[in-house]
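Before any comments, here is the structure.
Number of protein chains: 2
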Amino acid sequence: MPKNLYSDIYHILKGEIDSNVYPPKTILPGEEDLSERFSVTRNTIRRALKKLQEDGLVYTVKGRGVVVLEPIVDNRVMFSASNHFGFLDLMSFPQNKFIKKLTTKVLNFEEVVIDDELSKRTSFGIGDTAYYVERLRIFNGSAMAIDFSYFRKENLPGLSIDDAQGSIYQYIRDEKIFKIAAARSVSTVETVSDRESELLDLKEANCVGVLKRYVYTDLGNLFECTETKYVPNHFSLVGFESY
Amino acid sequence: MPKNLYSDIYHILKGEIDSNVYPPKTILPGEEDLSERFSVTRNTIRRALKKLQEDGLVYTVKGRGVVVLEPIVDNRVMFSASNHFGFLDLMSFPQNKFIKKLTTKVLNFEEVVIDDELSKRTSFGIGDTAYYVERLRIFNGSAMAIDFSYFRKENLPGLSIDDAQGSIYQYIRDEKIFKIAAARSVSTVETVSDRESELLDLKEANCVGVLKRYVYTDLGNLFECTETKYVPNHFSLVGFESY
DNA sequence: GAGTGGTCTAGACCACGGT
DNA sequence: CCGTGGTCTAGACCACTCC
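Residue numbers (UniProt numbering), protein chains in the order written: chain A, 1 to 243; chain B, 1 to 243.
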């Protein structure tokens, strides 16, 4: 479906790496060779290679070439910070097929005005109006996470409790209200409050993982601030960086 | 110090955003204007803008322009997955100035052969020899984290306990053994073992944050697998993605 | 020194947003 | 429609790795 040259080339090369045409620790053909093979400029090849590098499949070394990296293994519910548009979309992660049933229970839905303290928590402006939503996430029958969310009302004027029950991102996409531009995330571990320990299936644990996400519209303003608190031992957050 | 055009331009623009020449939610001058201003091609401008976007400072929208994003606030010990070369280098993070004293205690240092089970844990090959190192990290007098590390011996033949006591990455850089190419990380929350709870200053908590990092050499092979277990409430892991 | 990737230029056409 | 960023080409020079 992608009709960009560089994107096509990226997919082809990725397939060849996955199917061991280029095994780990080997060097890919040079950029010059690849441009000949695909009949494009070196520049276009470089964009495809850069995408492979961002995926963590290869690493390029000046003067040597493009090296295929060894793969690693892990087996939990992955929530990669990227491509994570809300909890409901998690089910579409290919690794997460074993989540048979994910339900959402809205615990709280109200309008709040951002005061000094909330502004520190959410980075919203003082005086802004926001929807405050609490949603309990139930995986295969156990309460595995709670989302505490603030949505700026200005950007989502008609939000209802029914939308919150479904996927808010689905709602945004369907209604074409705006586009989501970017997200910043901060991940921490915190000791749990009494209320949280009542709501979540923590077993013996007295801590939760916290993923705080700030989401931007394509006009540059923050429109969502969500803290997801999740139980230990069941979730992984993955990342990749090259230097 | 950087003598690349695009990198210079990136720093200049970043400074202008920080000092509010271009406030949040405004649009930067167009790429054409910027290329005129700096007397470079549009291509070079685009690279600088891409770097700003990777930093999470701006977001570009086709047909509209480059939007400056609103900043957010947070105040913990940051360990960004990127630029994190071992714990000792954490002190060089500008936000982390308040860590006055960080010491390391080596709890264990031995050679191991990777068997089936260790191979699953580390993604190293079966039969490889590795150094296994346990290091306790003490911040301002309290035991805040433990690192459980495996280093492939093949890549680090002469590693001694003294090197482990200092910064292993310092050692690698100084000895110019190889370059570090990339890292994959997986972040989780786990309930704690008895031994860990004895070693760490957990207070009431019975869980730890776990950051598992796989580090690659520039030849494409995995050379380190480290699990850092850290106490709750004191650390943040930051991320940024654009769509 | 031969070959690799890293940077940069000059110019072209397309797709999208706003009017 | 015009102006924006997105993609692509053709060709150049430099810095690095390896032999």
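The C-beta atom is built at its ideal place from N, Cα and C for all residues, glycine as well.
Out of B:Asp218, B:Arg213, B:Ala181, B:Ala145, the CA that lies nearest to the CA of B:Ser197 is found in B:Ala145. Residue environment for A:Asp163: buried (at least 16 other C-beta atoms within 10 angstroms of its C-beta).
At least one C-beta of chain A is nearer than 7 Å to the C-beta of B:Ala182. Distances from the CA of B:Tyr131 to each of B:Asn140, B:Gly158, B:Glu117 were compared; the closest alpha carbon is that of B:Gly158. In the same chain as B:Thr228, and ignoring 5 residues on each side of it, the C-beta atoms closer than 6 Å to its own belong to Ala145, Asp147, Leu211, in chain order. The shortest C-alpha to C-alpha distance from B:Cys225 to any of A:Gln165, A:Ile72, A:Phe139 is the one to A:Ile72.
Closest in alpha carbon position to B:Glu190, among A:Gly65, A:Lys101, A:Asn233, A:Thr41, is A:Asn233. In the three-state scheme derived from DSSP, where H, G and I count as helix and E and B as strand, B:Phe38 is classed as helix. Rounded to whole angstroms, the Cβ separation of A:Lys14 and A:Val67 is 15 Å, and the two are not in contact under 8 Å.
Only residues of its own chain outside the window of five on either side were considered, and among them Ile27 have a CB closer than 8 Å to the CB of B:Arg64, listed in chain order. Under the three-state reduction of DSSP output, A:Ile72 falls in the coil class, being neither helix nor strand. Residue pairing from DSSP leaves B:Glu16 without any beta-bridge partner.
Those residues of the segment 126 to 147 of chain B placed with their C-beta closer than 9 Å to a C-beta in chain A do not exist. Contact between A:Asn206 and B:Glu204 holds: their C-beta atoms lie close to 7 Å from each other, under 8 Å. Partner residues in the beta bridge of A:Ala145, as assigned by DSSP, are A:Arg137, A:Tyr230. Close partners of A:Ala205 in chain B (Cβ separation under 8 Å): Thr191, Asn206, Cys207.
Per the C-alpha coordinates, the member of B:Phe151, B:Val192, B:Thr188, B:Val215 positioned closest to B:Ala182 is B:Val215.
In the DSSP assignment, no residue is bridged to B:Lys51. Neighbourhood of A:Asn233 in chain B, by CB distance below 8 Å: Thr188, Val189, Glu190, Thr191, in chain order. Taken in chain order, the members of the UniProt domain "HTH gntR-type" (3 to 71) of chain B whose beta-carbon sits within less than 7 Å of a beta-carbon on chain A are Pro24, Lys25, Gly56, Tyr59, Val61, Val67, Val68, Leu69, Glu70.
A residue is called buried once 16 or more other Cβ atoms fall within 10 Å of its Cβ, and B:Arg184 is buried on that count. Rounded to whole angstroms, the separation of the alpha carbons of A:Arg213 and A:Tyr150 is 10 Å. Sixteen is the threshold: since fewer than 16 other Cβ atoms of the shown chains lie within 10 Å of the Cβ of A:Thr103, the residue is exposed.
Contact annotation: B:Lys105 and B:Leu136 have beta-carbon atoms nearer than 7 Å. Straight through space, the alpha carbons of A:Tyr6 and A:Arg47 are spaced by roughly 6 Å. The continuous alpha helix (DSSP H) containing B:Thr122 extends over residues 116 to 122.
Here B:Leu219 carries a coil assignment [DSSP, helix/strand/coil].
DSSP places B:Leu107 in the uninterrupted beta strand (DSSP E) bounded by 102 to 113.
Residues of the segment 213 to 234 of chain B whose Cβ lies closer than 7 Å to any Cβ of chain A, in chain order: Tyr214, Tyr216, Asp218, Leu219, Gly220, Asn221, Leu222, Pro232, Asn233.
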